[in-house]
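Residue numbers (our numbering): 57 to 218. Note sheet for the following structure.
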Ligand SMILES: [Zn+2]
Ligand SMILES: [Zn+2]
């Protein structure tokens with residue numbers, strides 16, 4: 057599974073990475089991860105042999121011992137550097153299914169509704185006419201879940217036209 061390693065990157069595609077293998081995947085409930093990710097928890101997995109294959113992250117020192125890497129162009133959270141093997145944000149992997157979490161950490165800051173999220177009703181876009189109309193002709197500018205020779209595609213199209 058990890059022979060070819062794992063790739064991923066930020067939403068806009070300015071920063072791409074590759075790692076040889078993934079270690080333990082966790083979700084962190086600490087208040088800093090909630091804030092940094094703008095979410096309910098921080099999804100992180102240890103990345104062994106991490107290299108940047110396009111661009112690289114900027115950093116914010118969230119404490120005296122930890123710095124968090126992010127894309128300065130689109131804001132995607134990418135890494136958690138604590139001095140040892142870096143951790144990467146699971147959602148930035150091209151295939152997040154490769155990093156199913158096995159542990160929850162810092163439960164003291166867990167949001168009270170976290171345990172009930174799986175009980176929420178589901179609604180697809182097709183069940184809501186306004187959402188369906190919005191999605192019908194939307195064009196995504198998100199980098200695809202694989203490495204690209206050139207990005208954004210508009211530039212590739214201009215340069216590649218003959
Ligand atoms: Zn980006
Ligand atoms: Zn945390």
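Yeah, the Cβ is synthetic: ideal placement off N, Cα and C, and Gly gets one too.
Tell me which same chain residues have a C-beta within less than 7 Å of the C-beta of residue i, skipping the five on either side of it?
i           : result
residue 150 : 63, 64, 201, 202
residue 132 : 66, 67, 126, 148
residue 88  : 118
residue 167 : 96
residue 198 : 67
Once DSSP output is grouped into helix, strand and coil, what is the label at residue i?
i           : result
residue 197 : coil
residue 171 : helix
residue 57  : Low confidence applies here, because residue 57 scores a pLDDT of 43, under 50, leaving its location unreliable and the question unanswered by this model.
residue 209 : helix
DSSP beta-bridge partners for residue i?
i           : result
residue 84  : 98, 161
residue 144 : 101, 135
residue 64  : 73, 149
residue 107 : 74
residue 117 : 123
Contact check, residue i vs residue j under 8 Å by CB: the rounded distance?
i           : j           : result
residue 113 : residue 134 : 5 Å
residue 141 : residue 79  : 7 Å
residue 143 : residue 195 : That belief does not hold up - the Cβ atoms of residue 143 and residue 195 are roughly 33 Å apart, past 8 Å.
residue 139 : residue 121 : 7 Å
residue 155 : residue 81  : 4 Å
Going along the chain, which residues of its own chain have a beta-carbon closer than 6 Å to the beta-carbon of residue i, five neighbours each way excluded?
i           : result
residue 108 : 73
residue 105 : 75, 76
residue 58  : In this predicted model, residue 58 has a pLDDT of only 41, less than 50, meaning its place in the structure is not dependable; the value taken from the coordinates is given anyway. Result list for residue 58: 77, in chain order.
residue 116 : 124
Environment of ligand 1 in chain order, Cβ to heavy atom below 6 Å: That gives 66, 67, 68, 70, 71, 127, 129, 130, 132.
Within 6 Å of ligand 2: residues by beta-carbon to any heavy atom: Around ligand 2, the residues selected by a Cβ distance under 6 Å to any of its heavy atoms are 84, 86, 88, 89, 98, 162, following chain order.
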